[in-house]
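Participant: The opening residue of the sequence shown carries number 40 in the numbering used here; numbering runs sequentially from there.
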Amino acid sequence: MLKLNNVHKIFNYGRINENHALKDISLVVPKGDFITIIGSNGAGKSTLLNLVAGTCFPESGTVEINGQDMTNWPVHKRSHLVGRVFQDPLKGTAAEMTIEENLSLAVKRGRPRGLRLGLNKKRREEFRRLLALLELGLENRLEDPVKLLSGGQRQALTLLMATLGDPKILLLDEYTANLDPKTAVQIVEITGRIVEQGELTVLMVTHDLKQALAMGNRTIMMDQGRIILDIKGEEREKTTVNSLLEKFSEKSGRELTNDRVLLQR
C-alpha cells in the first residue's frame, strides 16, 4: 500500500517565483490499484510521481510504502520498490549496451553492484522468456544494442526493466505521449499484461482523457497542487470525456488548460 499524508511541496522557496507544487495532498493507494492521473498544466502530476520515486522530497508530510516511512529516502534506496517509465523512450535504457546488458542492470537495481553483469545461460533463458511476453520478437535479439530498436520497442523494454526485481509500485509518466497511435495502443496492451502478472500498484500520469478512463480502476484529477476529483467504480464507468471536462470546470471554476488534452478530444 502507498500512502501520502498531508504532503506539501514547494519549489524556489522564499523567492519571487515560489511555487507550491503540491498542497497538503493525502492519498491512499491500496495494493493492486491502478490510478490514472489527469489535470491542467502545472497541476503537480509529475511532482507527485517524483515524491513517490524519491527524486524530490516534501517540505512537510510523509510518504509511506507498505507501512514504512520513506519520505526522505533517496532514489537508489527505494528503487527496488518503485519502478518508473518516463515519456521519452530514450530515457530508460542505455543505448550503447545490448538488450541483455540493460536487463541485467535492471535486475541489479537497488542491490549492491559489482563490475560483472552476471550473464549466464540460465539468466539469458529467463530474459528470452520475459521478452517473449512482449510479443515484439526481442527474445531473439538479446545481443543487439538498444540503439537499434524503434521507439515502441525501446519503451516496451523500459517497461519490462522497470518491473524486474519485484517492485511494489510502477510509475508511468505520460509514457505513451511520444509514440505514434498504433504503437501507443500496443504499449498499453503490454502494460496490462505486465501489471496483471506482477500484481503491481500503478500511478499513471496521462494527457489522454480516453486513456485515463479506459485504463486502471480509478482516476484522480489534479489542479494547482490539489486533488480535486477521485472517481472509481460505477461513477467512473459512467464517466465520459465530456463529463470529465465538465467535472473539472465544476470543481475548479475554470476550463481545463492542457494543450495536449485538448488535442486528444
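Just so you know, even glycine gets a beta-carbon here, dropped at the ideal spot from N, CA and C.
Answer yes or no: do R123 and A201 have a C-beta to C-beta separation smaller than 7 Å?
Facilitator: In contact: R123 and A201 (Cβ atoms closer than 7 Å).
Participant: If L175 sits next to A145, beta carbons under 8 Å apart, how far is it from one beta carbon to the other, in whole angstroms?
Facilitator: Not quite, the Cβ-Cβ distance comes to about 17 Å (not below 8 Å), so this is no contact.
Participant: Spell out a yes or no on whether the stretch 210-224 and the stretch 41-61 are touching, meaning 3 or more CB-CB pairs, one atom from each, closer than 8 Å.
Facilitator: No, the stretch 210-224 does not touch the stretch 41-61.
Participant: Which whole-angstrom value is the C-beta distance of M261 and I76, which I expect to be below 8 Å?
Facilitator: Indeed they touch by this definition, with Cβ atoms about 6 Å apart.
Participant: Return the CA-CA distance between Q192 and Y52, expressed in angstroms with no decimal places.
Facilitator: Approximately 41 Å, taken between the alpha carbons.
Participant: Assuming V102 and V46 form a contact by the criterion Cβ under 8 Å, report the distance between their Cβ atoms to the nearest whole angstrom.
Facilitator: V102 to V46, Cβ: 7 Å. Contact.
Participant: Whose C-beta lies closer than 8 Å to the C-beta of R163 among residues of the same chain, with five residues either side of it excluded?
Facilitator: Answer for R163: E139, L181, listed in chain order.
Participant: Of the choices N56, I74, K48, whose alpha-carbon is the least far from that of D269?
Facilitator: Of the candidates N56, I74, K48, the one whose C-alpha sits nearest the C-alpha of D269 is I74.
Participant: Specify the secondary structure class of T197 as computed by DSSP and reduced to three states.
Facilitator: In the structure shown, T197 sits in a helix (DSSP, three-state: H, G or I).
Participant: DSSP three-state label for R293, please.
Facilitator: DSSP places R293 in coil when its eight states are reduced to three.
Participant: What three-state label does DSSP hand L154 in the structure shown?
Facilitator: The predicted model places L154 with a pLDDT of 46, which falls under 50 and marks its position as unreliable; any figure quoted below should be read in that light. Residue state, collapsed to three classes: coil.
Participant: Quick one: using the 10 Å Cβ neighbour count with 16 as the cut-off for buried, is T137 buried or exposed?
Facilitator: Buried, by the Cβ-count rule.
Participant: Keeping to the same chain, check which residues put their C-beta closer than 7 Å to that of A251; ignore five residues upstream and five downstream.
Facilitator: Around A251: T75, I77, T245, T258.
Participant: Using the three-state DSSP reduction, which class does S189 fall into: helix, strand or coil?
Facilitator: Looking at S189 - three-state DSSP - the assignment turns out to be coil, as it is neither helix nor strand.
Participant: What residues in its chain sit with their C-beta under 7 Å from that of G255, if we drop five residues either side in the sequence?
Facilitator: Hits under 7 Å: F73, I74, T75, V241, M243.
Participant: The alpha helix (DSSP H) spanning I229 covers which residue range?
Facilitator: Here the alpha helix (DSSP H) through I229 covers 220-237.
Participant: At the level of alpha carbons, what is the spacing between L169 and L203?
Facilitator: Looking at the two C-alpha atoms, the distance is approximately 10 Å.
Participant: Would you tell me roughly how many angstroms separate the C-alpha atoms of K186 and E135, rounded to the nearest one?
Facilitator: Using only the alpha carbons, I get a separation of about 6 Å.
Participant: So who's on the other strand from R265, going by DSSP bridges?
Facilitator: R265 pairs with D262.
Participant: Going by C-alpha to C-alpha distance, which of T86, R148, S79 sits closest to A60?
Facilitator: Among T86, R148, S79, the Cα nearest to that of A60 is on T86.
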